[in-house]
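Q: Numbering (numbering that gives the first Met the number 0), first residue to last: 0 to 442. Just so you know, even glycine gets a beta-carbon here, dropped at the ideal spot from N, CA and C.
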Amino acid sequence: MDFTLIVLLVIALALFFDFTNGFHDTANAMATPIATGALKPKTAVLLAAVLNLIGAFLSTEVAKTISGGIINEGDGGVLITPELIFAGLLGAIVWNLVTWLYGLPSSSSHALFGGLIGAAVVGAGVTAINGGGVLSKVLIPAVAAPLTAGLVAFTATKVAYAITRRHDGKPDGRGHFRYAQIASSSLIALAHGTNDAQKTMGIITLTLIASGHQEAGTGPHLWVIVACALAIAIGTYSGGWRIIRTLGSGLTEVKPAQGFAAETSTAATILASTHLGFALSTTQVASGSVIGSGLGRRGSTVRWRTAGRIGLGWLMTLPASAAIGAIAALIAHLGTVGLIIDAVIGLGVILFIFWRSSRNKVHAGNAVPVPDVAESGHAIRIKQAKVRRVKTETGTLPPLTNIAMSAATEDKERKRALKAAQKAAKEAAKREKKERKQNGTNK
Numbered sequence: 000m001d002f003t004l005i006v007l008l009v010i011a012l013a014l015f016f017d018f019t020n021g022f023h024d025t026a027n028a029m030a031t032p033i034a035t036g037a038l039k040p041k042t043a044v045l046l047a048a049v050l051n052l053i054g055a056f057l058s059t060e061v062a063k064t065i066s067g068g069i070i071n072e073g074d075g076g077v078l079i080t081p082e083l084i085f086a087g088l089l090g091a092i093v094w095n096l097v098t099w100l101y102g103l104p105s106s107s108s109h110a111l112f113g114g115l116i117g118a119a120v121v122g123a124g125v126t127a128i129n130g131g132g133v134l135s136k137v138l139i140p141a142v143a144a145p146l147t148a149g150l151v152a153f154t155a156t157k158v159a160y161a162i163t164r165r166h167d168g169k170p171d172g173r174g175h176f177r178y179a180q181i182a183s184s185s186l187i188a189l190a191h192g193t194n195d196a197q198k199t200m201g202i203i204t205l206t207l208i209a210s211g212h213q214e215a216g217t218g219p220h221l222w223v224i225v226a227c228a229l230a231i232a233i234g235t236y237s238g239g240w241r242i243i244r245t246l247g248s249g250l251t252e253v254k255p256a257q258g259f260a261a262e263t264s265t266a267a268t269i270l271a272s273t274h275l276g277f278a279l280s281t282t283q284v285a286s287g288s289v290i291g292s293g294l295g296r297r298g299s300t301v302r303w304r305t306a307g308r309i310g311l312g313w314l315m316t317l318p319a320s321a322a323i324g325a326i327a328a329l330i331a332h333l334g335t336v337g338l339i340i341d342a343v344i345g346l347g348v349i350l351f352i353f354w355r356s357s358r359n360k361v362h363a364g365n366a367v368p369v370p371d372v373a374e375s376g377h378a379i380r381i382k383q384a385k386v387r388r389v390k391t392e393t394g395t396l397p398p399l400t401n402i403a404m405s406a407a408t409e410d411k412e413r414k415r416a417l418k419a420a421q422k423a424a425k426e427a428a429k430r431e432k433k434e435r436k437q438n439g440t441n442k
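1) Under the rule that 16 or more other beta-carbon atoms within 10 Å means buried, what is K198, buried or exposed?
2) Specify whether the stretch 221-231 and the stretch 343-362 touch according to this definition: at least 3 beta carbon pairs, one from each stretch, less than 8 Å apart.
3) Residues in its own chain within less than 6 Å of N95 by CB, not counting five upstream and five downstream?
4) Please work out which residues of its chain come closer than 8 Å, Cβ to Cβ, to P318, disregarding the five sequence neighbours upstream and downstream, and give them in chain order.
5) I'd like to check one pair, S357 with W99: are the Cβ atoms closer than 9 Å?
6) For A152 versus G295, is the C-beta spacing smaller than 9 Å?
7) Taking buried to mean at least 16 other C-beta atoms within 10 Å of its own C-beta, is G172 buried or exposed?
8) Could you give the residue range of the alpha helix (DSSP H) that holds V137?
9) In or out: H362 buried (at least 16 other Cβ within 10 Å) or exposed?
10) Smallest Cα separation from A37: which of S185, I208, R430 and S210?
11) Buried or exposed: where does A179 fall if 16 or more other Cβ atoms within 10 Å of its Cβ makes it buried?
12) According to DSSP, simplified to helix, strand and coil, what is I162?
13) Confirm, please, whether the CB-CB distance from G258 to S286 is below 9 Å.
14) Using a Cβ-Cβ cutoff of less than 6 Å, which residues in the same chain neighbour V93 once the five nearest sequence positions on both sides are dropped?
15) Cα separation between L57 and N194?
16) Taking K41 as part of the alpha helix (DSSP H), name the residues at either end of that continuous run.
17) Between A256, S183 and Q421, which has its C-alpha nearest L463's C-alpha?
18) In angstroms, rounded to a whole number, what distance separates the CA positions of F16 and A416?
Structural data, given as structure tokens:
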């Protein structure tokens with residue numbers, strides 16, 4: 000097989016990984032605003048896609064970490080070949096899709112690192128791995144980032160509820176925080192594009208360096224940045240509804256103030272890490288923030304069984320993707336035939352996963368309860384509209400959800416306040432008229 004053709008195949012596979020990264024990680028930014036009704040599902044993923052696209056152009060520090068901080072350079076150049084990168088990408092994609100199928104918010108980043116490490120060890124030995132770079136830029140952030148985000152979210156939630164105690168007892172729990180959620184979730188989407196799109200930029204740059212098409216130590220070309228930005232944006236727009244369901248309601252019932260605290264903590268952690276060149280997992284950060292905010296809101300409960308499943312997925316991601324990448328690398332050693340076998344098996348697994356997912360399809364209409372989807376417009380209303388009960392798919396009329404109850408309560412309070420103001424104005428006018436009459440000024 001022609002060497003340039005191999006490079007093109009790797010670039011195509013890398014962009015497909017970027018696509019899966021996008022729909023796998025949409026939930027990081029948009030699960031909580033969808034769950035609280037701050038944004039309608041399709042509006043949320045469109046906004047996330049646009050901001051992912053913009054964010055991809057803001058920095059290349061993480062891309063440099065991937066292209067020059069994970070794999071060592073030897074006397075003959077980078078100690079990895081395009082064939083091995085191809086095998087590593089297969090490992091990352093397969094694991095990404097498996098965890099997506101089961102709705103587990105695992106780390107696309109660690110799947111990528113694991114696949115690359117497994118393939119590199121098989122093809123070039125342990126010396127191909129930059130142990131210091133992996134430890135300082137990947138493993139330490141993997142432990143520290145979700146803990147930090149969770150602690151910040153816990154504190155922010157406590158503060159938010161402490162300064163808004165006058166809203167205690169409202170059905171939605173500080174519903175006006177939904178307005179702020181639009182800004183905070185948008186910031187996460189921007190940060191996600193800044194951090195995660197760069198990982199694929201780094202992979203493509205590493206491929207070009209390994210094949211001799213680019214000098215070692217240089218950053219990604221403009222066409223690489225544009226291609227990766229578009230791939231992750233398209234993937235983000237496609238949804239990732241299974242993981243949105245898990246993060247939006249599977250870990251804890253998210254209220255607006257709590258969601259705002261979680262999103263702000265996530266965005267701050269991701270942006271700070273991106274600036275330092277840490278290739279962290281935005282999924283782990285978002286999950287840590289949701290758990291921290293759940294612990295911070297009095298009366299809320301964290302579903303620790305679901306959290307345990309997610310934690311198990313985190314622990315398995317690196318070794319599982321590394322194992323798949325290593326097996327693919329062993330097959331790739333057969334040469335052109337090996338690459339063809341890898342491609343056919345990989346395609347078969349991908350098609351099987353998508354076929355399996357179609358048997359229990361999760362989409363914008365059922366990622367959150369049907370009434371919540373339809374009534375989420377009550378959360379942010381430009382024109383006042385009467386709150387109505389919304390029929391389910393079976394045609395029944397369920398009770399109003401918390402979102403709609405909140406909107407109805409706000410309407411009633413507004414009407415009562417208006418009537419009270421009108422009554423007070425009339426009484427004041429009567430008193431003034433009576434006083435003028437008593438003083439002989441009424442004519």
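A: Walking through what the data contain:
1) buried
2) no
3) T19, H23, S107 and A110
4) G113
5) no
6) yes
7) No answer about G172 holds up, because its pLDDT of 48 lies below 50 and its placement is not dependable.
8) Taken as a continuous stretch (DSSP letters only), V137 belongs to no alpha helix (DSSP H), as it is neither H nor E.
9) exposed
10) S185
11) buried
12) coil
13) no
14) I323 and V348
15) 9 Å
16) P40 to G54
17) Here the chain covers residues 0 to 442 and nothing more, so residue 463 does not appear.
18) 55 Å
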